[in-house]
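A short worksheet on the structure shown next.
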Amino acid sequence: MWGWQASCIRCSPANARGLPATGRLISRYVCLSTTSWLWIVTQNFSGNVMPLVQKDAEIGQEGHPPATLLSATPLYVKLKDYVRSRVETGEWKIGQRVPSENELVGILGVSRMTANRALRELADEGLVVRLRGKGSFVATRKRTSQFQSVPNIADEIRRNGGIHSARVILLQMEACGEELAEALGVSPADPVAHSIIMHAEDGLPMQIEDRFVNPGCAPDYLYQDFNAVTPNGYLTEVAPIVKAEQHIESVNAQAWECKLLAIPKSEPCLLVRRRTWSVDGIVSSVRLLYPGSRYRLYSST
């Protein structure tokens with residue numbers, strides 16, 4: 001028998017197949033019998049003992065590990081899969097604390113360095129959030145949007161199984177001024193429609209939409225029920241988009257925006273500035289603000 005990284009227990013094919021469903025941790029790392037059973041055994045929070053890996057492995061005459069074992073999946077990857085599976089199945093809920101590095105060491109029998117790497121990479125991937133002095137927590141799902149498109153946030157939310165809701169903060173006609181007039185291609189003296197709407201998914205704020213609209217392209221804009229239809233959906237119908245211009249940057253939200261989005265002032269946000277054109281000219285100029293912890297954009301060609 002060959003032992004790896006920790007003492008192994010000697011087992012036969014019968015007792016290898018008959019590992020108990022509950023009990024204490026049997027082996028902290030790997031147990032190999034001479035009849036080619038490879039096990040990595042862990043204990044979950046309810047006390048269940050589970051094999052993370054069960055694989056046939058041939059042992060050489062001199063008792064050295066086979067080449068297939070040396071190329072096995074790293075433990076930190078298995079640990080990431082362990083955490084990810086519990087999040088994706090809903091066993092661990094959004095906002096629930098994930099076991100600490102020390103707890104993972106005791107539960108799964110991995111080194112602290114392995115546990116640290118797994119949690120660090122899961123945080124980089126957006127699955128968990130690590131808070132200094134408090135621990136790691138299951139992160140809110142980030143909504144993904146294709147940056148090159150002009151997505152309707154209500155459609156995105158429904159497509160992902162959520163319920164979209166909107167709160168109209170402001171809806172009025174305003175004088176535009178020189179800078180906005182240039183952005184919309186109108187005269188500084190011309191009035192423009194202005195709306196501010198907060199969009200939410202299952203009640204959780206996802207976006208603040210601050211939009212100025214050229215009334216020449218959408219004269220009835222201010223008369224729409226934006227609890228029933230989004231500005232994007234309405235404008236796409238009355239002034240189909242032929243061109244779009246977008247810029248993205250990371251910003252800190254203003255105090256009133258933090259309040260609407262229910263985020264701390266320290267949280268970075270994604271800001272998308274977008275202008276859209278129809279055959280009649282520039283339709284709107286919009287500022288879309290997203291909490292960085294809840295949203296991400298991607299681009300593909």
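Start counting the sequence shown at 1; every next residue gets the next number (full-length UniProt numbering). Don't be surprised by glycine CBs; every beta carbon is placed ideally from N, CA and C. None of the values given here were measured: they were computed from a predicted structure.
A direct Cα-to-Cα measurement between Ala262 and Ser278 gives close to 35 Å. Listed in chain order, the beta strand (DSSP E) runs fully inside the stretch 222-252 are 243-252, counting runs of at least 3 residues.
If the five residues before and after Arg112 are omitted, its C-beta is found closer than 8 Å to the C-beta atoms of Glu101, Asn102 and Val105, all from its own chain and listed in chain order. Around the beta carbon of Gly109, 16 or more other beta carbons sit within 10 angstroms, so the residue counts as buried. Taking Gly90 as the centre and dropping the five residues before and after it, the same chain places no C-beta closer than 8 Å to its C-beta. In summary, Asn227 is exposed, with fewer than 16 beta-carbon neighbours lying within 10 Å of its beta-carbon over all protein chains present. Straight-line measurement puts the Cα of Leu127 at about 20 Å from the Cα of Arg159. Here DSSP, grouped into helix, strand and coil, assigns Ser285 to strand. Boundaries of the beta strand (DSSP E) harbouring Ile169: His164 to Ala175, taken from the DSSP string. Taking a C-beta distance under 8 Å as the contact criterion, Leu180 and Ile196 do not qualify as a contact pair.
Each residue's CA atom was taken as its position, placing Leu260 and Thr73 some 44 Å apart. Secondary structure of Val110 (DSSP, three-state): coil.
Scanning its chain for C-beta atoms nearer than 6 Å, with the 5 sequence neighbours on each side dropped, one finds around Ile153 the residues His199 and Gln207, in chain order. For Trp256, the enclosing alpha helix (DSSP H) has its first and last residue at Ala255 to Leu261. The C-beta separation of Glu267 from Pro291 comes to about 6 Å, placing the pair in contact by the 8 Å criterion. The continuous alpha helix (DSSP H) containing Val77 extends over residues Leu75 to Glu88.
Beta-bridge partners assigned by DSSP to Leu270: Ser250 and Tyr290.
Residue pairing from DSSP leaves Ser100 without any beta-bridge partner.
The secondary-structure analysis by DSSP pairs Met198 across a beta bridge with Arg167 and Ile208.
Lys80 is positioned such that its CB atom lies closer than 8 Å to that of Leu122. DSSP places Arg132 outside any alpha helix (DSSP H), giving it a letter other than H or E. With respect to the 8 Å criterion, Arg287 and Leu271 are classified as neighbours on the basis of their beta carbons. About 7 Å separates the beta carbon of Val213 from that of Val283, a gap short enough to meet the 8 Å contact definition.
Each residue's CA atom was taken as its position, placing Ala175 and Ala189 some 7 Å apart.
Nearest to Leu289 by C-alpha distance, out of Asp225, Gln254, Gly281 and Ser165, is Gln254. Distance between Gly185 and Gly281, taken at the CA atoms: about 8 Å.
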